[in-house]
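Colleague: Note that my numbering has the sequence shown beginning at 467, numbered continuously upward. Ideal Cβ positions, reconstructed from N, Cα and C, are used throughout, including at glycine. Handing you a structure now.
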Amino acid sequence: MLSRGRTSNCRHVASLASSLACKLDAALKEHVQTPQEGARILRLAAASDGASRETIERALALPIDQGFDADTMWAALGLALRERRDPTPYIAAIREYKDESAEKVLEFITAARSSTNPADAERLLDGLPIEARGQAYSAALVVLGNRAPAEWRRGADRLLFVPERPYFSMVI
């Protein structure tokens with residue numbers, strides 16, 4: 467059901483990063499070669515800062531097996547949580563993926579959402595691989611937005627490549 471590979475053409479994904487929020491449909495038509503790649507990019511665009519309501523709704527309407535991979539699953543879950551949608555299918559698909567870090571990342575997201583100080587959840591990421599830490603930060607940023615610590619925004623940006631995460635505006 468889930469594919470582990472990165473998008474087939476990272477160059478195209480990188481060129482989309484700056485234009486997705488306002489020109490998604492045109493960008494998808496110009497750069498996307500397959501429906502699966504389009505669904506993948508749609509999931510990341512919808513979880514990005516500045517995504518339109520239409521883009522968010524289109525991504526949430528995708529079947530769980532479209533565009534859902536190691537790089538989009540956390541952003542997709544974060545988007546569902548932020549938009550108060552049922553996270554059950556996302557969590558089930560994440561667990562099906564059998565990622566060794568998944569349970570710790572899920573604990574982190576739960577703790578970050580429920581804490582009055584989201585930074586308290588940071589200790590739950592101890593010992594995780596760098597990519598898992600970056601994806602955890604990414605999911606938390608999608609869920610919490612500006613309530614997330616600035617360090618998590620910088621962490622997601624520095625630990626993950628552009629095709630591995632949504633677009634997040636930078637903090638100074």
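Please say whether ARG579 and LEU607 have beta carbons closer to each other than 9 Å?
Modeller: Against a cut-off of 9 Å, the Cβ pair of ARG579 and LEU607 comes out as no contact.
Colleague: Specify the secondary structure class of ASP535 as computed by DSSP and reduced to three states.
Modeller: Residue state, collapsed to three classes: strand.
Colleague: At the level of alpha carbons, what is the spacing between ARG631 and GLU573?
Modeller: Near 20 Å, if we compare the C-alpha coordinates of GLU573 and ARG631.
Colleague: Do you know how far the Cα of LEU547 is from the Cα of PRO615?
Modeller: Going by the C-alpha atoms only, they are around 18 Å apart.
Colleague: Compute the beta-carbon to beta-carbon distance between ILE557 and LEU543, rounded to the nearest angstrom, for a pair I have assumed lies under 8 Å.
Modeller: Right, their Cβ atoms sit about 7 Å apart.
Colleague: I believe ASP535 touches TYR633 by the beta-carbon criterion, under 8 Å. Please report the beta-carbon distance rounded to the nearest angstrom.
Modeller: No, ASP535 and TYR633 are not in contact; Cβ-Cβ is about 18 Å, not under 8 Å.
Colleague: Return yes when the C-beta of TYR633 is under 8 Å from any heavy atom of the ligand COA, and no when it is not.
Modeller: Ligands in the displayed structure: none, and consequently the ligand COA is not present.
Colleague: Would you decide whether GLN601 is buried or exposed? Buried here means 16 or more other CB atoms lie within 10 Å of its CB.
Modeller: It is buried - the Cβ of GLN601 has at least 16 other Cβ atoms within 10 Å.
Colleague: Could you pull the start and end residues of the alpha helix (DSSP H) that ASP623 belongs to?
Modeller: Taken as a continuous stretch (DSSP letters only), the alpha helix (DSSP H) holding ASP623 covers 616-625.
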